[in-house]
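J.:
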Amino acid sequence: MDRLKDKNIVIGVTGSIAAYKIATLCSSLKKRGANITVIMTKNALNFVNPITYETLTGTKCLVDTFDRNFQFNVEHVSLAKLADVFLIAPASADIIAKAAHGIADDMLTTTLLACDCPKLVAPAMNTRMYKNPITQDNIKTLVKYGFEIINPANGYLACGDTGDGKMAEPEELMERIEDALTVKDLQGKKVLVTAGPTQEKIDPVRYITNHSSGKMGYAIATEARRRGAEVTLVSGVVSLKAPYGVSYVPIVSAEDMANAVISRSNEQDVIIMAAAVADYKPAVTYDEKVKKSDDDMSIQLSRTQDILGTIGQNKKEGLYLCGFAMETENLIENAKAKLKKKNLDMIVANSIKTEGAGFGTDTNVVTLITPDSETQLELMSKSDVANVILDEIIK
Ligand code: CTP
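So the sequence shown is numbered by the working numbering: it starts at 18 and just counts up by one.
1) By the three-class DSSP mapping on this structure, what secondary structure does Gly335 have?
2) May I ask which residues mark the beginning and end of the alpha helix (DSSP H) holding Gly329?
3) Could you give the uninterrupted runs of the alpha helix (DSSP H) lying entirely in the region 125 to 164, keeping only those of 4 residues or more?
4) For the alpha helix (DSSP H) that Thr69 lies in, which residues bound it at each end?
5) For a test of your reading of the model: does the CB of Lys357 fall under 6 Å from any non-hydrogen atom of the ligand CTP? Yes or no.
6) Mapping the DSSP letters down to three states, classify Arg223 as helix, strand or coil.
7) Please find out if some non-hydrogen atom of the ligand CTP comes closer than 6 Å to the beta-carbon of Leu325.
8) Rounded to whole angstroms, what is the Cα-Cα separation between Gly205 and Phe164?
9) Given this structure, state the Cα-to-Cα distance separating Ala97 from Glu186, to the nearest angstrom.
10) Starting from Leu96, follow the alpha helix (DSSP H) in both directions and report where the run begins and ends.
11) Skipping 5 residues on each side, what residues in its chain have a beta carbon closer than 6 Å to that of Ile289?
12) Which residue comes first and which comes last in the beta strand (DSSP E) that contains Met290?
13) Quick check: is any heavy atom of the ligand CTP less than 6 Å from the C-beta of Met290?
14) Assign Val200 to one of two classes, buried (16 or more other C-beta atoms within 10 Å of its C-beta) or exposed (fewer than that).
15) Given that a residue counts as buried once 16 or more other Cβ atoms are within 10 Å of its Cβ, and exposed if not, what is Gln393?
16) Is Arg20 helix, strand or coil by DSSP?
17) Can you tell me whether His118 is buried or exposed? The criterion is at least 16 other CB atoms within 10 Å of its CB, across all chains shown.
18) For Met57, collect the residues of the same chain with a Cβ closer than 7 Å to its Cβ; drop the 5 residues on either side in sequence, then sort them by chain order.
19) Short of 6 Å in beta carbon distance, which residues of its chain neighbour Asp220, apart from the five on each side in sequence? Order them along the chain.
20) Does the ligand CTP have a heavy atom nearer than 6 Å to the CB of Thr179?
21) Would you kindly work out how many angstroms separate the C-alpha atoms of Val251 and Glu189, rounded to a whole number?
22) Can you name the start and end residues of the alpha helix (DSSP H) that Lys207 belongs to?
23) Please report the straight-line C-alpha distance between Pro388 and Val365, rounded to a whole angstrom.
24) Which value, in whole angstroms, describes the spacing of the CA atoms of Ile28 and Ala110?
25) Does Gly329 pass the burial test, meaning 16 or more other C-beta atoms within 10 Å, or should it be called exposed?
26) Between Gly377 and the rest of its own chain, which residues show a CB-CB distance below 6 Å, the 5 nearest in sequence each way excluded?
27) Pick out whichever of Asp133, Pro107 and Ala51 has its Cα sitting closest to the Cα of Ala170.
28) DSSP on Pro169, reduced to helix/strand/coil?
29) Gly253: beta carbon under 6 Å from a heavy atom of the ligand CTP?
30) Short check: CB of Ala175 to CB of Cys134, under 7 Å?
31) Measuring only from the beta carbon, is Val94 closer than 6 Å to any heavy atom that is part of the ligand CTP?
32) What are the boundary residues of the alpha helix (DSSP H) that Asp111 is part of?
33) Which residue marks the beginning of the beta strand (DSSP E) containing Leu318, and which one marks its end?
34) CA-CA distance, Arg244 and Leu356?
35) Compute the Euclidean distance between the alpha carbons of Gly182 and Tyr224, then round it to the nearest angstrom.
36) Sorry if obvious, but does the Cβ on Gly340 come closer than 6 Å to a heavy atom of the ligand CTP?
Below is the structure:
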């Protein structure tokens, strides 16, 4: 179930060139099924025509408090009551000052003041205005009143200066909105997730690996973080972007992964090994490229360390240990054997032969197996699978 579906998101747009980026945000939110209302200040009208947002959201843009031609009429309060999240982006120095001091002199500021949902502010302005102690004090005041600040990036600004003041990208705004809508039931928990394949070196140009895309592990890390956990993601080489807000540890080989995971294992409350770790590596590796000959060749392989097995055997009190089993036959039987052998609290079993499951897809079909339960889930997105796994862990 998409957290953004049918949620009421109010976006306040103020006078800044970054207003054009809100078109992308509106489009992304709409695709996820959110109801979006954009309120523009008069200055914002100099940068973007309200028709742009209206076309993307399907809802009339609100500008003037005394405009009678919209469904909320004088009642800015009814919109404020409806809002699940209120985002001001781009937020000029002016709106930050007004919001910090309770000034309510237009549609945006009156609605904002009447609102008690989570409020997010994404500043966008010239770096000198941003760094001005007055603006910084106003931002601190907003934080004191429970606003969340989405820090601007450092970069080349439209005014020609370079520095802090560039509004966060729509992708980050999206993540922060979703974050504000997520129940923090993993707050205070430390969760380590592994993802992706490992690469086992043969020589400087060749390695042994597998088809893991990392999508399942990345989805778990993302959802655990959204639910409030402090997440460490130990990832093999994949083509995915590191999820927002996680502590990211890139690794290459099974040995790297073992070092990264085992050295951090004592601090964790939960460890979820979604990575497809190589069970074998070349017994000998070469520093120079191996030249071919006319003969066949073979590569001697030696075992890698079983990371999950090692942690399971010395499992500390209170640690929840979860593994994955990808099988092509005898799914449940093989998975149950791994659960027992590695001393796990849960194993997530999937068959690579099931349609919509396995490597590279955005969906999965899994069975959650614990020492006393077996739950077969239907086909669902990897994000939904991630949430069901996390639900089971905190049950
Ligand atoms: N795993 C691990 N260390 C390894 C290999 C696997 O921690 N060296 C973890 C995986 O991340 C996964 C689980 O163990 O969570 C998979 O168990 P495993 O017995 O290794 O499964 P396969 O690699 O599929 O092995 P098999 O060929 O025996 O099915």
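Beta carbons are placed, not taken as given, at the ideal position from N, Cα and C, and that holds for glycine.
T.: Judging by the given coordinates:
1) By one-based count along the sequence shown, residue 335 stands at place 318. Coil at Gly335, not helix or strand.
2) Stepping through the sequence shown from its first residue, residue 329 is reached at position 312. Its alpha helix (DSSP H) spans residues Ile324 to Gln330.
3) Segments of the alpha helix (DSSP H) lying fully in the region 125 to 164: 144 to 148 and 150 to 161.
4) For the purposes of this step, residue 69 is identified with residue 52 of the sequence shown, where counting begins at 1. In the DSSP assignment, Thr69 falls within the unbroken alpha helix (DSSP H) covering Pro67 to Thr74.
5) As a first step, residue 357 must be located in the sequence shown, where it is residue number 340. Between the ligand CTP and Lys357, a heavy atom-to-CB distance of less than 6 Å is absent.
6) On the sequence shown, residue 223 is found 206 positions in, with the first residue counted as 1. Arg223: strand per DSSP, three-state reduction.
7) By 1-based counting over the sequence shown, the position of residue 325 is 308. Remark: the C-beta of Leu325 is in contact range of the ligand CTP, defined as less than 6 Å to any heavy atom.
8) Position 188 of the sequence shown, counted from the start, is the residue given in the question as residue 205. Position 147 of the sequence shown, counted from the start, is the residue given in the question as residue 164. Their backbone Cα atoms lie some 21 Å apart in a straight line.
9) The residue you call residue 97 lines up with position 80 of the sequence shown. The residue you call residue 186 lines up with position 169 of the sequence shown. Computed Cα separation, rounded: 25 Å.
10) In the sequence shown, residue 96 corresponds to position 79, counting from 1. Segment His93 to Leu99, the alpha helix (DSSP H) holding Leu96.
11) Within the sequence shown, numbered from 1, the residue matching residue 289 stands at position 272. Closer than 6 Å at the Cβ level, and outside the excluded window around Ile289, lie Val210, Ile237 and Cys339.
12) Translated into the one-based positions of the sequence shown, residue 290 becomes position 273. Annotation: the continuous beta strand (DSSP E) that includes Met290 extends over Val287 to Met290.
13) Reading the sequence shown from its first residue, position 273 is the one you call residue 290. At least one heavy atom of the ligand CTP sits closer than 6 Å to the Cβ of Met290.
14) For the purposes of this step, residue 200 is taken as residue 183 along the sequence shown, with counting starting at 1. Exposed, because fewer than 16 other Cβ atoms sit within 10 Å of the Cβ of Val200.
15) Taking the first residue of the sequence shown as 1, we reach residue 393 at position 376. That one is exposed.
16) Along the sequence shown, one-based indexing puts residue 20 at 3. Coil at Arg20, not helix or strand.
17) Counted from its first residue, the sequence shown places residue 118 at position 101. Counting every other CB atom within 10 Å of its CB across the protein chains shown gives His118 a total below 16, marking it as exposed.
18) On the sequence shown, position 40 is the one that residue 57 refers to. The residues are Val30, Pro67, Cys78 and Val80.
19) As a first step, residue 220 is located in the sequence shown; it is residue number 203 there, counting from the start. Apart from sequence neighbours up to five positions away, the residues of its chain that approach Asp220 with a beta-carbon distance below 6 Å are Tyr303, Lys306 and Val307, ordered along the chain.
20) Numbered from its first residue, the sequence shown carries residue 179 at position 162. Result no, Cβ not under 6 Å from the ligand CTP.
21) As a working note, residue 251 is residue 234 in the sequence shown. As a working note, residue 189 is residue 172 in the sequence shown. Whole-angstrom Cα-Cα distance: 22 Å.
22) Residue numbering aside, residue 207 sits at position 190 when the sequence shown is read from its first letter. From DSSP, Lys207 is part of no alpha helix (DSSP H) but of the beta strand (DSSP E) over Lys207 to Ala212.
23) As a position in the sequence shown, residue 388 is number 371, starting the count at 1. As a position in the sequence shown, residue 365 is number 348, starting the count at 1. Each residue's Cα considered, the two are about 12 Å apart.
24) Numbered from its first residue, the sequence shown carries residue 28 at position 11. Numbered from its first residue, the sequence shown carries residue 110 at position 93. Roughly 17 Å between the two C-alpha positions.
25) Sequence index remark: in the sequence shown, residue 329 carries index 312 (1-based). Classification for Gly329: buried.
26) Counting from 1 along the sequence shown, the entry for residue 377 is found at position 360. The answer, listed in chain order, is Ser230.
27) Position 153 of the sequence shown, counting from 1, holds the residue named residue 170. Considering only alpha carbons, the answer is Pro107.
28) Along the sequence shown, one-based indexing puts residue 169 at 152. Reduced to three states, the DSSP call for Pro169 is coil.
29) Position 236 of the sequence shown, counted from the start, is the residue given in the question as residue 253. Taking non-hydrogen atoms of the ligand CTP into account, the C-beta of Gly253 is found less than 6 Å away from none of them.
30) As a working note, residue 175 is residue 158 in the sequence shown. As a working note, residue 134 is residue 117 in the sequence shown. Not closer than 7 Å, so no.
31) As a working mapping, residue 94 is identified with position 77 in the sequence shown. It does not: the Cβ of Val94 is nowhere closer than 6 Å to a heavy atom of the ligand CTP.
32) Here residue 111 corresponds to residue number 94 of the sequence shown, with the count starting at 1. Counted as a single uninterrupted DSSP element, the alpha helix (DSSP H) harbouring Asp111 occupies residues Ala110 to Ala117.
33) As a first step, residue 318 must be located in the sequence shown, where it is residue number 301. Note, Leu318: beta strand (DSSP E), Leu318 to Arg320.
34) Here residue 244 corresponds to residue number 227 of the sequence shown, with the count starting at 1. Here residue 356 corresponds to residue number 339 of the sequence shown, with the count starting at 1. If I take the Cα positions, the gap works out to 26 Å.
35) Looking up residue 182 in the sequence shown gives position 165. Looking up residue 224 in the sequence shown gives position 207. A straight line joining the alpha-carbon of Gly182 with that of Tyr224 spans about 44 Å.
36) Translated into positions along the sequence shown, residue 340 becomes position 323. Between the ligand CTP and the CB of Gly340, the shortest heavy atom gap is smaller than 6 Å.
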